[in-house]
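*Asks:*
Numbering (the UniProt record's numbering), first residue to last: 1 to 153.
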């Protein structure tokens, strides 16, 4: 059946995507958790959850899916946060790995170079205005000549 094959293919792609996301994120999480002096119990629970997500256990996949994205959409436009889904996270049912899911956030502010784009706009504006005024002056002179020619005839 083509529907079952399509579902299996989607499952395989999702498994690879989650594994890649977790493998890329874990070194960062490990460092953040250490710096935040997170309890061993919490770190152990997070490791269990990530391992369960790699096995595509639904409760763990729901937690990973509730995370905010990184890099977040609009990063280069100044968006520095993605809150994820609070409700999805706390609605996850208790199980043998976790008593209950907690919602936590990570604050991240990238180092961005200073921007002086506003100066470019100010420098270019007089050229635009000069062109605009020259065009209007040219149009008025043309209308004036046309009116004089019409009156002389």
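Here a beta-carbon is modelled for each residue, glycine too, at the ideal position from N, C-alpha and C.
Residue 10: buried (16+ other C-beta within 10 angstroms of its C-beta) or exposed?
*Replies:* Walking along the chain shown from the start, residue 10 turns up at place 10. Its Cβ having fewer than 16 others within 10 Å, residue 10 is exposed.
*Asks:* What are the boundary residues of the alpha helix (DSSP H) that residue 157 is part of?
*Replies:* What is shown of the chain runs 1 to 153, which leaves residue 157 out entirely.
*Asks:* Please name the residue in 25, 15, 52, 83 whose C-alpha comes closest to that of residue 66.
*Replies:* As a position in the chain shown, residue 66 is number 66, starting the count at 1. The shortest Cα separation from residue 66 among 25, 15, 52, 83 belongs to 83.
*Asks:* Could you tell me whether the segment 50 to 63 touches the segment 89 to 103, using the rule of 3 or more Cβ pairs below 8 Å?
*Replies:* Touching, yes.
*Asks:* Flag this pair as yes or no: are the beta carbons of residue 15 and residue 49 separated by less than 8 Å?
*Replies:* On the chain shown, position 15 is the one that residue 15 refers to. On the chain shown, position 49 is the one that residue 49 refers to. In this structure, residue 49 does not lie closer than 8 Å to residue 15 by Cβ.
*Asks:* Can you give the Cα-Cα distance for residue 97 and residue 45, rounded to whole angstroms?
*Replies:* Walking along the chain shown from the start, residue 97 turns up at place 97. Walking along the chain shown from the start, residue 45 turns up at place 45. Those two C-alpha atoms are separated by around 7 Å.
*Asks:* Hey, out of 76, 143, 59, whose CA is closest to residue 88's CA?
*Replies:* As a working note, residue 88 is residue 88 in the chain shown. When only C-alpha atoms are compared, the closest one is 59.
*Asks:* Closest to residue 20 by C-alpha separation, out of 144, 85, 76, 51, would be which residue?
*Replies:* Looking up residue 20 in the chain shown gives position 20. Answer by Cα proximity: 51.
*Asks:* How should residue 53 be labelled, buried or exposed, when 16 other C-beta atoms within 10 angstroms of its C-beta is the threshold for buried?
*Replies:* Residue 53 sits at position 53 when you count from the first residue of the chain shown. Classification for residue 53: buried.
*Asks:* Buried or exposed for residue 101, going by 16 or more other Cβ atoms inside 10 Å?
*Replies:* Reading the chain shown from its first residue, position 101 is the one you call residue 101. Buried is the call here.
*Asks:* Under a Cβ-count criterion, where at least 16 other Cβ atoms within 10 Å of its own Cβ denotes burial, should residue 18 be classed as buried or exposed?
*Replies:* By one-based count along the chain shown, residue 18 stands at place 18. Residue 18 should be labelled buried.
*Asks:* Between residue 43 and the rest of its own chain, which residues show a CB-CB distance below 7 Å, the 5 nearest in sequence each way excluded?
*Replies:* For the purposes of this step, residue 43 is taken as residue 43 along the chain shown, with counting starting at 1. Excluding residues within five positions, the ones whose Cβ falls inside 7 Å are 33.
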